[in-house]
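Numbering (this note's numbering), first residue to last: 3 to 95.
Spelled out as structure tokens, the structure:
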């Protein structure tokens, strides 16, 4: 199985298949099949999503954000950096 997937990846077969099908095909299929499947899929996946996201949610809650400055002030990026560092630490340990 892995060998087959690796070979397909090496030959870029997935992207080529998408190109061959064209935009119209995937849009048509998404509109005909997607809405019901999407809603059902989201509902079914909710517990797994919550379980998977829980450690990251907790990591965000533990962050002490630096002060907020006026809109557009570049120092506000330090707030983003603090969140990013906490999420990275949670992911890689």
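From the three backbone atoms N, C-alpha and C, an ideal C-beta is built for every residue, glycine too.
For residue 15, the enclosing alpha helix (DSSP H) starts and ends at 15-64. The three-state secondary structure of residue 89, taken from DSSP, is helix. In the structure shown, residue 79 falls within a helical segment according to DSSP collapsed to helix, strand and coil. Looking only at 42, 81, 38, the smallest Cα-Cα distance to residue 70 is reached by 81.
Of the candidates 12, 20, 8, 57, the residue whose Cα lies closest to the Cα of residue 93 is 57.
In terms of Cβ geometry, residue 88 and residue 47 do not form a close pair [threshold 7 angstroms]. According to the DSSP assignment, residue 67 belongs to no alpha helix (DSSP H), since it is labelled neither H nor E. For residue 6, the enclosing alpha helix (DSSP H) has its first and last residue at 4-12.
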